[in-house]
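*Asks:* Read left to right, the sequence shown gives residues 100 to 249 (our numbering).
Just so you know, even glycine gets a beta-carbon here, dropped at the ideal spot from N, CA and C.
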Amino acid sequence: MRTWEQTSTGVRGRFTPEQIWFFRTNFTDILALLDEVIAASGPPDPGFALLVWPKLDEAVKLPARTALTSSRSMLLQALHTIPSAGNSVRIESGSTTWAWIWALQDVRAVLVTRLAGSAGQQDLDWLGQVASELAEAALPFSDVGRPIDS
């Protein structure tokens, strides 16, 4: 079953209560980790910076702390769309679409780091599918495949 569907104003994702809990818990946990790393004196842990480095073009890589702050902003934007009740996530802008895709990839990166190749491949595959379906559902609201704000 597809998780995302097009609406007249954007996309809507339907998830089980457990999946909503999974998103909220993981987005919140990663935000807390980012807050710790960003607030710490000295350079950020290089392993944690790997969450954001792959997303940045080699020619324009930002300092690690700035990149981590961007990642935090994306996670926060996605977190704000998770309903406090119900199972439907509504996305009505290109920036929020990108925030969700970014957040899903961050969760995948953290899970890979934490699981180190052990159990959990099912979660990784599912997160990849959710991100892929979101990008596909948002395509009609985009310009050359890149979502734009409505």
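Could you please give the first and the last residue of the uninterrupted beta strand (DSSP E) stretch that includes residue 104?
*Replies:* Residue numbering aside, residue 104 sits at position 5 when the sequence shown is read from its first letter. From DSSP, the beta strand (DSSP E) with residue 104 extends over 103-105.
*Asks:* Please look up how many angstroms separate the CB atoms of residue 205 and residue 129, rounded, as I've assumed it's under 8 Å.
*Replies:* Indexing the sequence shown from 1 puts residue 205 at position 106. Indexing the sequence shown from 1 puts residue 129 at position 30. Right, the Cβ-Cβ distance comes to about 6 Å (below 8 Å), so this counts as a contact.
*Asks:* For residue 166, which of 121, 137 and 111 has the nearest alpha-carbon?
*Replies:* Within the sequence shown, the letter at position 67 stands for residue 166. It is 137 whose Cα lies nearest to the Cα of residue 166.
*Asks:* Give the list of continuous beta strand (DSSP E) stretches no shorter than 3 residues that lie fully inside the segment 174-207.
*Replies:* Counting only runs of 3 or more, we get 187-190.
*Asks:* Pop quiz: residue 210 and residue 219 are said to be a contact at Cβ under 8 Å. What is the actual Cβ separation, rounded to whole angstroms?
*Replies:* The residue you call residue 210 lines up with position 111 of the sequence shown. The residue you call residue 219 lines up with position 120 of the sequence shown. Yes, they are in contact, since the Cβ atoms of residue 210 and residue 219 sit about 6 Å apart, within 8 Å.
*Asks:* Using the C-alpha atoms, what's the distance from residue 199 back to residue 178?
*Replies:* If you number the sequence shown from 1, residue 178 lands on position 79. If you number the sequence shown from 1, residue 199 lands on position 100. Those two C-alpha atoms are separated by around 8 Å.
*Asks:* Helix, strand or coil: which one does DSSP assign to residue 109?
*Replies:* Indexing the sequence shown from 1 puts residue 109 at position 10. It is coil, neither helix nor strand.
*Asks:* Among the candidates 109, 103 and 104, whose CA atom is the shortest distance from the CA of residue 42?
*Replies:* Missing from the structure shown is residue 42; the chain here goes from 100 to 249 and no further.
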